[in-house]
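Chemist: Residues 54 to 411, numbered by this note's numbering, are exactly what the sequence shown covers, in order.
We put the beta carbon where it would ideally sit given N, CA and C, even for glycine.
Here the structure is a predicted model, which is why all the values come from computation and not from measurement.
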Amino acid sequence: MSTSDLEALRNKLDEINVQILELISNRAEIVEKIGIEKQKQGIPRFDPVRESRMLENLVQKNKGPFDDATVRHLFKQIFKASLELLEEEHKKHLLVTRKRKHEDTVIHIKGVGIGGPDKVLVAGPCTVESYGQMYEVAASLKAQGVTILRGGAYKSRTSPYDFQGLGKEGLEILHKVGGQFGMITVSEIMDSSELELAGQYIDMVEIGAKNMQNFSLLKAVGDSGIPVLLKRGNSATLEELLLSAEYIVSRGNAQVILMERGIRTYEKWTRNTLDISAVPILKKESHLPVLVDLSHSTGRKDIVLPCAKAALAAGADGLLVEVHPDPSISLSDGQQQLDLKQFAEFYRDLNAFQPFGS
Ligand SMILES: C=C(O[C@@H]1C=C(C(=O)O)C=C[C@H]1O)C(=O)O
Numbered sequence: 054m055s056t057s058d059l060e061a062l063r064n065k066l067d068e069i070n071v072q073i074l075e076l077i078s079n080r081a082e083i084v085e086k087i088g089i090e091k092q093k094q095g096i097p098r099f100d101p102v103r104e105s106r107m108l109e110n111l112v113q114k115n116k117g118p119f120d121d122a123t124v125r126h127l128f129k130q131i132f133k134a135s136l137e138l139l140e141e142e143h144k145k146h147l148l149v150t151r152k153r154k155h156e157d158t159v160i161h162i163k164g165v166g167i168g169g170p171d172k173v174l175v176a177g178p179c180t181v182e183s184y185g186q187m188y189e190v191a192a193s194l195k196a197q198g199v200t201i202l203r204g205g206a207y208k209s210r211t212s213p214y215d216f217q218g219l220g221k222e223g224l225e226i227l228h229k230v231g232g233q234f235g236m237i238t239v240s241e242i243m244d245s246s247e248l249e250l251a252g253q254y255i256d257m258v259e260i261g262a263k264n265m266q267n268f269s270l271l272k273a274v275g276d277s278g279i280p281v282l283l284k285r286g287n288s289a290t291l292e293e294l295l296l297s298a299e300y301i302v303s304r305g306n307a308q309v310i311l312m313e314r315g316i317r318t319y320e321k322w323t324r325n326t327l328d329i330s331a332v333p334i335l336k337k338e339s340h341l342p343v344l345v346d347l348s349h350s351t352g353r354k355d356i357v358l359p360c361a362k363a364a365l366a367a368g369a370d371g372l373l374v375e376v377h378p379d380p381s382i383s384l385s386d387g388q389q390q391l392d393l394k395q396f397a398e399f400y401r402d403l404n405a406f407q408p409f410g411s
């Protein structure tokens with residue numbers, strides 16, 4: 054074969070390359086149209102049966118020189134690329150992603166911006182136990198500049214025999230004490246039936262880890278427009294967390310704050326495993342504020358400061374930490390709650406590391 058023969062063959066190959074590129078690009082445009090139609094009909098994007106049938110059809114028509122396994126492999130790469138296109142398209146449409154809204158969402162409540170330049174701290178006891186208890190905690194927190202007070206009125210307890218919370222009375226106490234100290238109040242709700250009542254007493258609701266995929270609750274909170282702290286489920290992927298947030302935002306409520314609160318792993322020395330990598334990933338993927346729950350993730354008092362520093366260094370917009378006047382007699386989660394002295398030391402050292410806005 055002469056050099057000119059080789060050149061001619063290569064030119065032919067270049068032409069075929071371009072033809073293949075045009076064909077797979079046209080194919081991709083059809084896949085995108087299928088993807089949009091599937092989204093409208095609520096059909097899953099990935100269809101392994103369909104892909105398997107196409108591969109069988111292709112190998113039946115395979116005349117070589119590639120063997121069937123190679124033909125399957127080549128087309129599986131095309132299917133994989135097509136699916137990634139659909140996934141990217143899908144993400145592009147999610148209201149919670151930066152593909153839809155690049156700039157950070159800042160949620161303003163009573164003059165406090167969550168998700169803005171100032172870091173925020175949500176603090177308070179696991180459970181509202183009494184007016185005196187809440188007053189003592191709020192007084193101490195407010196004196197140190199903390200402005201977001203939390204306390205559980207409805208408790209999502211693993212055992213039905215554990216304290217379930219004061220319910221409406223707990224909301225009333227939180228509302229009263231929050232008002233006395235001019236603090237933003239937040240408390241978990243377990244069911245959409247509690248939402249209207251909560252809206253009368255508190256500034257923000259919390260959807261706990263166990264309810265992250267309680268879709269009827271998510272929809273109700275979406276319809277309500279109330280600011281919401283959405284906690285990651287302890288076995289939830291970050292994508293599932295964002296899709297749960299999408300339930301809320303897609304119903305018109307953009308005031309959603311994401312919370313990393315630890316995930317269930319095999320580790321025994323912490324209550325859950327604080328997934329620090331969740332913070333930069335969520336900040337990259339979504340414009341929503343991201344907070345980190347130091348208490349439910351670690352389940353300990355002695356490591357909240359280094360974990361807080363790690364969370365802030367990873368880009369968290371704020372933190373949650375549980376504080377109780379006397380954790381040894383608390384009705385729930387005593388082992389993880391800081392007492393007032395421990396909190397003061399924690400907050401002093403934390404501010405030395407990163408000044409807190411509230
Ligand atoms: C295009 C579709 O969606 C996906 C992409 C496919 C492809 O690239 O051929 C095939 C099946 C699905 O996984 C479809 O369902 O036809």
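What do you reckon, are the CB atoms on Y300 and L282 nearer than 7 angstroms?
Modeler: No; because the gap between Cβ atoms is not below 7 angstroms, this pair is not in contact.
Chemist: Check whether the Cβ of V112 lies closer than 6 angstroms to any heavy atom of ligand 1, and answer yes or no.
Modeler: No, ligand 1 has no heavy atom inside 6 angstroms of this Cβ.
Chemist: What I want to know is whether the C-beta of I160 ends up closer than 6 angstroms to one or more non-hydrogen atoms of ligand 1.
Modeler: Not so, every heavy atom of ligand 1 lies at least 6 angstroms from the Cβ.
Chemist: Pick out the complete beta strand (DSSP E) segments inside the region 103 to 173, 3 residues or longer, and give them in chain order.
Modeler: Qualifying beta strand (DSSP E) stretches, in chain order: 160 to 162, 165 to 167.
Chemist: Does the beta carbon of R103 fall short of 6 angstroms from some heavy atom of ligand 1?
Modeler: Answer for R103: yes, Cβ within range of ligand 1.
Chemist: Starting from R203 and walking both ways along the beta strand (DSSP E), at which residues does that stretch end?
Modeler: Per DSSP, R203 belongs to the beta strand (DSSP E) from 201 to 203.
Chemist: Can you name the start and end residues of the beta strand (DSSP E) that L282 belongs to?
Modeler: Start and end: 281 to 284.
Chemist: Since I242 and L248 are thought to touch, with beta carbons under 8 angstroms apart, how far apart are those beta carbons, to the nearest angstrom?
Modeler: Contact flag correct, Cβ pair sits at about 6 angstroms.
Chemist: Three or more beta-carbon pairs under 8 angstroms between the region 223 to 241 and the region 200 to 209, yes or no?
Modeler: With a cut-off of 8 angstroms, the region 200 to 209 and the region 223 to 241 count as touching, because enough Cβ pairs lie within range.
Chemist: At 4 residues or longer, what runs of the alpha helix (DSSP H) sit wholly inside the region 198 to 276?
Modeler: Here the runs fully enclosed are 221 to 234, 248 to 254.
Chemist: Can you tell me whether G95 is buried or exposed? The criterion is at least 16 other CB atoms within 10 Å of its CB, across all chains shown.
Modeler: Result: exposed.
Chemist: Mind checking which residues open and close the alpha helix (DSSP H) that includes L358?
Modeler: Element bounds for L358: 357 to 366.
Chemist: Ligand 1 and V84: does any heavy atom of the ligand fall closer than 6 angstroms to the residue's C-beta?
Modeler: V84: yes, Cβ under 6 angstroms from ligand 1.
Chemist: Using the three-state DSSP reduction, which class does A307 fall into: helix, strand or coil?
Modeler: Correct three-state label for A307: coil.
Chemist: By alpha-carbon positions, which one of L148, D402, C179, I334 ends up nearest to P359?
Modeler: For the residues L148, D402, C179, I334, the minimum Cα distance to P359 belongs to D402.
Chemist: Output the distance between the C-alpha atoms of P280 and L311, rounded to the nearest integer angstrom.
Modeler: Taking the straight line from one Cα to the other gives about 11 angstroms.
Chemist: Decide yes or no for the touch test of the region 330 to 342 against the region 143 to 156: beta carbon pairs closer than 8 angstroms, at least 3 of them.
Modeler: With a cut-off of 8 angstroms, the region 143 to 156 and the region 330 to 342 count as touching, because enough Cβ pairs lie within range.
Chemist: Taking V239 and T200 to be in contact with their CB atoms under 8 angstroms, please state how far apart those CB atoms are, rounded to whole angstroms.
Modeler: In fact, because the Cβ distance is near 11 angstroms, the residues do not count as touching under 8 angstroms.
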